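A short write-up of the structure that comes next.
Residue numbers (this note's numbering): 7 to 458.
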């Protein structure tokens, strides 16, 4: 299997789902504006980016259908594919060489001169690398960690990593600092969708996300040894930056965009020094439009849904799916489908989902005959099956993520709604049987409908 981003781009081009922008585009605001205004259309490949010889691609995974296509499965199979990958990972394979080493630059790396990093929003501090998959190893165990964090280009060879103190990468940096050294990191840009999805999974520290990527690929992810760091990097990536993370270097970050589309102030991030850049000869710089853009929201939604579903199924096998909605900004709202819910199970499912991740704050539980992607069906479950006094859970003061728009002291009120059929409901009226014509007549008319 071709493990490169460009394999997907070639496929999209064949079906008219890749638009090539031939006009020269400024990476400062203009490129991001094009991606935003075409957020629901084809992927966008910018051939001519001012100040750079490299092309830029964005909006690659800006729909659930596109994510499914990137993973090689039907859209309805994406969550199950992720669950299989979480439970049955496939370890990576180290190879001798890869396309990402066709060009090697070591020593003084001038990032602004080498990469067409977009500046996205008016009040942000500068250009941000938004699709950089960060690879690191635990200094204590040697286990690999893979994640994505925003990387602000400061100039020269310096970046700022915008990571929370609770982020696994922060913990690894502290462990390295305790040993008196910075943390080696590699930033891979331009990756197969399997690695992007894997990097977003909410798993325990020590669970190698490259194993998840391998299962999603259907074969081991191919890695090649870094040139200046004790790390392995994706052999088929477009670009890799090698460097070190310095938690003692605090870099103040002013306002920054979040998935909800608003600005946030998180305070200082951590300093990064880049000592090498490797890439393909004709490398394509991948950018994920940040803020409330579909690709940003859906990558997180896919991972949150899968890991939450896995957690719920471990104690409630009847849970079928956890669908994190885009209307809830890809982070905050979820629909849980459950089969043959027994008394109390709907509430239990809602409470477990809300407590599994700090991000979710509204969970609706429905029967498994409801399509969680169809809001009309969800409302048609809510309308007849939900009793406000019985089925709405309001839980104030629960732990929230720092990016929650309504958090106060990192807490928020969370809400669960149960909209399942429950025993005792509508007994005098015949339950929830839908009124229909006799089945035989209905089917005969359906077959002969064109003749009427």
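Even glycine gets a Cβ: it sits at the ideal position worked out from N, Cα and C.
All figures in this text were calculated on a predicted structure; none of them were measured in a lab.
Nearest neighbour of residue 419 by Cα position, chosen from 389, 115 and 410, turns out to be 410.
When secondary structure is reduced to three states using DSSP, residue 142 falls in the strand class. Residue 385 counts as exposed, since fewer than 16 other beta carbons sit within 10 angstroms of its beta carbon. Counting along the chain, the unbroken beta strand (DSSP E) around residue 420 starts and ends at 417 to 425. Contact annotation: residue 141 and residue 313 have beta-carbon atoms that are not nearer than 8 Å.
No Cβ-Cβ contact shorter than 8 Å links residue 367 with residue 424.
With a 10 Å radius around the Cβ and a threshold of 16 neighbouring Cβ atoms, residue 412 comes out exposed. Excluding five sequence positions before and after residue 41, the CB atoms of its chain that fall closer than 8 Å to its own CB belong to 50, 64, 65, 293, 295 and 299, given in chain order. Distance check between residue 102 and each of 249, 238 and 157 places 238 closest, using alpha-carbon atoms only. Under the three-state reduction of DSSP output, residue 153 falls in the strand class.
Here the C-alpha atom of residue 169 lies approximately 16 Å from the C-alpha atom of residue 207. Residue state for residue 242 is assigned as coil, using DSSP reduced to three classes. Straight-line measurement puts the Cα of residue 286 at about 22 Å from the Cα of residue 279.
Here the alpha carbon of residue 379 sits roughly 20 Å from the alpha carbon of residue 347. Beta bridge pairing from DSSP links residue 261 with 271.
Straight through space, the alpha carbons of residue 191 and residue 212 are spaced by roughly 16 Å. Residue pairing by DSSP places residue 166 opposite 158 and 277 in a beta bridge. Runs of the beta strand (DSSP E) spanning 3 or more residues and lying entirely within the stretch 34 to 69 occur at 49 to 52 and 61 to 64, in chain order. Contact check for residue 155 against residue 194 fails: the beta carbons are separated by 8 Å or more. At the C-beta level, residue 60 and residue 30 stay beyond 8 Å of one another.
Residue 266 and residue 104 have their C-alpha atoms some 37 Å from each other. Contact check for residue 251 against residue 188 passes: the beta carbons are separated by less than 8 Å.
Exclusion of the five residues before and after residue 135 leaves 123 and 157 as the residues of its chain whose Cβ lies within less than 6 Å of its Cβ. Going by DSSP, residue 207 is part of no alpha helix (DSSP H) at all; its letter is neither H nor E. Taking a contact as a CB-CB distance under 8 Å, the pair residue 291 and residue 196 counts as one, their CB atoms being some 7 Å apart.
The criterion of a C-beta distance shorter than 8 Å is not satisfied by residue 153 and residue 121.
Beta-carbon to beta-carbon, residue 327 and residue 303 are separated by about 18 Å, too far to satisfy the 8 Å threshold.
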